Amino acid sequence: MKAKLGVSALVLLFLSGLWLVAAPFAVGYQSRGASYVDATVNDLWVGGGLAAVSFVALMIYAADSLRELARRGKHADL
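Spelled out as structure tokens, the structure:
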């Protein structure tokens with residue numbers, strides 16, 4: 000149960016980061032062709048960082064889960 004909650008939180012953080020990156024353009028407070036306003040720069044940095052950190056954490060969790068499955072499979076053959 001804890002693993003599902005943790006993975007769900009990481010997925011939610013990843014999606015939140017993607018939304019922060021897309022929000023200035025989707026909502027429309029960043030005009031097309033104009034130089035970036037401070038809020039857009041902030042959203043891009045925070046959203047990109049949040050998405051990157053949560054993606055790396057998800058990949059580490061997936062690698063650890065696969066390693067655990069391989070270990071269990073190796074011991075099951077004995």
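Under numbering that gives the first Met the number 0, the first residue of the sequence shown carries the number 0, and numbering increases by one thereafter. The beta-carbon is built from N, C-alpha and C at its ideal position, and this holds for glycine as well. Source: prediction; values computed, not measured.
Item                                                                                           : Value
Alpha carbon of Leu11 to alpha carbon of Leu49, nearest angstrom                               : 10 Å
The stretch 2-16 touching the stretch 52-63, judged by at least three CB pairs closer than 8 Å : yes
Delimiting residues of the alpha helix (DSSP H) encompassing Ser15                             : Lys1 to Ala22
Pick from Val36, Ser53, Ala22 and Trp18 that is closest to Gly5, judged by C-alpha positions   : Ser53
Cβ pair Asp42, Val20 closer than 8 Å                                                           : yes
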